[in-house]
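Q:
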Amino acid sequence: MDACDLLHMQEYLSQFVGGEIILNRQYWNEGIAIIILNNPSKRNAMSGKMMIDLRNCIEELENWKEGKAVIIHGEGGNFCSGGDLDLARKTGCPEGASIMSTWMMATLKRLSELKMLSVCIARGPTLGGGAELSVFCDYILVADDVKYGFVHGKMGIITAWGGGTKLMQKIGHNKAMYLFLTSKVLSAEECVNLGIAEKVVSSTNSVKDAVLWLNEYLIHHYQVIRSFKELVNTSKAGGDEVACFSCERSLISVLWGGEVNKKMLSENIKHC
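Per numbering that gives the first Met the number 0, residue 0 is the first one in the sequence shown, and the count goes up by one each step.
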């Protein structure tokens, strides 16, 4: 989208206020950012303002060159119950649908393309747009109290933010079709069994549990982590073998003989 389109969409969405999305720096020095959806009176449903906030947070993370990971979760007892129903009622026309869908697809695509790991903590009601948001992350951790579902069909719609496509990529077409057409609400164990989530975490200490889980993935220097993530992004984007080889060659050309590589070689590290 060009700058004119972007400005028009931002002005349109900014009319629909309520809630906020916060970039928390509690674990910043460890290379971990935290994005918090904060609209608890509406179970963290996404308003137009929050959609703009989310884009701003992601832009800041794109410019954070030392970042290793971002955790996304909701304030209070749940992650996200989808789009704000007030927003849905007031934008119930083709133009409104197009603006919201285009904005969120572009924003969440940028989330998935960050050169850092992304982890969603799905707690409590994680429904509709909330489920869509989650599947743009590299990993989903589900709390023991999660109620997770692509319930769009019950509202007479389909997925709006690109989450339908991402779910099919994640668990396959047949399993995704089952969830779309039944609007089944899943438990934590069912999310893990279907391959949607990696692990069940405590609903009372979900952020700490997520940080502990992430630490195993974050043992390397941020340049190494970000380079591997860029390679994975290239493959996920549909890059063929030639494109992936080219990406890998470009990345190793920067790291090979670099300061991090020299430091590791000087320490004579044993691998087993």
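Virtual Cβ for every residue (Gly too), placed ideally from N, Cα, C.
1) Please state the DSSP three-state secondary structure of Gly-256.
2) With distances taken between CB atoms, is the gap from Leu-22 to Gly-47 smaller than 7 Å?
3) Does DSSP put Ala-142 in a helix, in a strand, or in coil?
4) Within its chain, find whatever has a CB closer than 6 Å to the CB of Met-8; leave out the 5 residues flanking it on each side and keep chain order.
5) Considering only the alpha carbon of each residue, which of Arg-42, Ala-130, Leu-86, Asn-260 lies closest to Gly-161?
6) Relative to the alpha-carbon of Ile-37, which residue among Asn-28, Ala-187, Val-16 has its alpha-carbon at the smallest distance?
7) What whole-angstrom Cβ distance do Ile-170 and Leu-193 have, given they're in contact under 8 Å?
8) Using the beta-carbon count (16 or more within 10 Å), is Phe-244 buried or exposed?
9) From what residue to what residue does the alpha helix (DSSP H) around Ser-111 run?
10) Output needed for Ser-133: all residues of its chain with C-beta closer than 6 Å, excluding positions within five of it in sequence on either side, in chain order.
11) Is it true that the CB of Phe-135 sits closer than 7 Å to the CB of Ser-100?
12) Whose C-beta lies closer than 6 Å to the C-beta of Leu-126 among residues of the same chain, with five residues either side of it excluded?
13) My understanding is that Leu-116 touches Leu-250, with C-beta atoms under 8 Å, so please give their C-beta distance in whole angstroms.
14) Output the residue ranges of the alpha helix (DSSP H) runs that lie fully inside the stretch 176-203 and measure 4 residues or longer, sorted by chain position.
15) Could you tell me whether the Cβ atoms of Asp-239 and Ser-202 are closer together than 7 Å?
16) Please determine if the stretch 25-41 and the stretch 89-98 are in contact, where contact requires at least 3 C-beta pairs separated by less than 8 Å.
17) Quick check: what's the CA-CA separation for Val-164 versus Pro-124?
18) Would you grab the beta carbon distance between Gly-18 and Gly-66 for me? Rounded to a whole angstrom, and I think it's under 8 Å.
19) Where does Tyr-26 sit, in a helix, a strand or coil, going by DSSP?
20) Quick one: using the 10 Å Cβ neighbour count with 16 as the cut-off for buried, is Leu-84 buried or exposed?
21) Among residues of its own chain, excluding the 5 on either side of Gln-222, which ones have a beta-carbon nearer than 6 Å to its beta-carbon?
22) Taking the straight line between their C-alpha atoms, what separation do you get for Phe-78 and His-72?
23) Alpha carbon to alpha carbon, how far is Ala-242 from Glu-215?
A: The short version:
1) Within the sequence shown, the letter at position 257 stands for residue 256. It is coil, neither helix nor strand.
2) Position 23 of the sequence shown, counted from the start, is the residue given in the question as residue 22. Position 48 of the sequence shown, counted from the start, is the residue given in the question as residue 47. Not a contact, by the Cβ cut-off of 7 Å.
3) The residue given as residue 142 occupies position 143 in the sequence shown. Strand, per DSSP.
4) In the sequence shown, residue 8 corresponds to position 9, counting from 1. Ile-98, Trp-102, listed in sequence order.
5) Residue mapping note: residue 161 aligns to position 162 of the sequence shown, counting from 1. Selected option, being the one with the closest Cα: Ala-130.
6) Taking the first residue of the sequence shown as 1, we reach residue 37 at position 38. It should be noted that the sequence gives Asn, not Ile, for residue 37. That would be Val-16, whose Cα lies nearest to the Cα of Asn-37.
7) Sequence index remark: in the sequence shown, residue 170 carries index 171 (1-based). Sequence index remark: in the sequence shown, residue 193 carries index 194 (1-based). Indeed, because the Cβ distance is near 6 Å, the residues count as touching under 8 Å.
8) Indexing the sequence shown from 1 puts residue 244 at position 245. Label assigned to Phe-244: exposed.
9) As a position in the sequence shown, residue 111 is number 112, starting the count at 1. Taken as a continuous stretch (DSSP letters only), the alpha helix (DSSP H) holding Ser-111 covers 93-111.
10) Position 134 of the sequence shown holds residue 133. Same-chain partners within the cutoff: Cys-119, Ala-121, Ile-139.
11) Locating residue 100 in the sequence shown gives position 101, where the first residue counts as 1. Locating residue 135 in the sequence shown gives position 136, where the first residue counts as 1. Cβ atoms of Ser-100 and Phe-135: not closer than 7 Å.
12) Taking the first residue of the sequence shown as position 1, residue 126 is located at position 127. Ser-80, Gly-81, Gly-148, Val-150.
13) For the purposes of this step, residue 116 is identified with residue 117 of the sequence shown, where counting begins at 1. For the purposes of this step, residue 250 is identified with residue 251 of the sequence shown, where counting begins at 1. Their Cβ separation, rounded to whole angstroms, is 16 Å, which puts Leu-116 and Leu-250 out of contact at 8 Å.
14) 187-192
15) As a first step, residue 239 must be located in the sequence shown, where it is residue number 240. As a first step, residue 202 must be located in the sequence shown, where it is residue number 203. Cβ atoms of Asp-239 and Ser-202: not closer than 7 Å.
16) no
17) Here residue 164 corresponds to residue number 165 of the sequence shown, with the count starting at 1. Here residue 124 corresponds to residue number 125 of the sequence shown, with the count starting at 1. Note on residue identity: the sequence assigns Thr, not Val, to residue 164. One C-alpha to the other measures close to 21 Å.
18) Counting from one through the sequence shown, the residue named residue 18 turns up at place 19. Counting from one through the sequence shown, the residue named residue 66 turns up at place 67. The pair is not a contact, with the Cβ atoms about 24 Å apart (cut-off 8 Å).
19) Position 27 of the sequence shown, counted from the first residue, corresponds to residue 26. Coil at Tyr-26, not helix or strand.
20) Within the sequence shown, numbered from 1, the residue matching residue 84 stands at position 85. That one is exposed.
21) Translated into the one-based positions of the sequence shown, residue 222 becomes position 223. Cβ neighbours of Gln-222 beyond the five flanking positions: Val-259.
22) For the purposes of this step, residue 78 is taken as the residue at position 79 of the sequence shown. For the purposes of this step, residue 72 is taken as the residue at position 73 of the sequence shown. If you take the alpha carbons of Phe-78 and His-72, they lie about 6 Å apart.
23) Taking the first residue of the sequence shown as 1, we reach residue 242 at position 243. Taking the first residue of the sequence shown as 1, we reach residue 215 at position 216. Cα-Cα distance, rounded: 29 Å.
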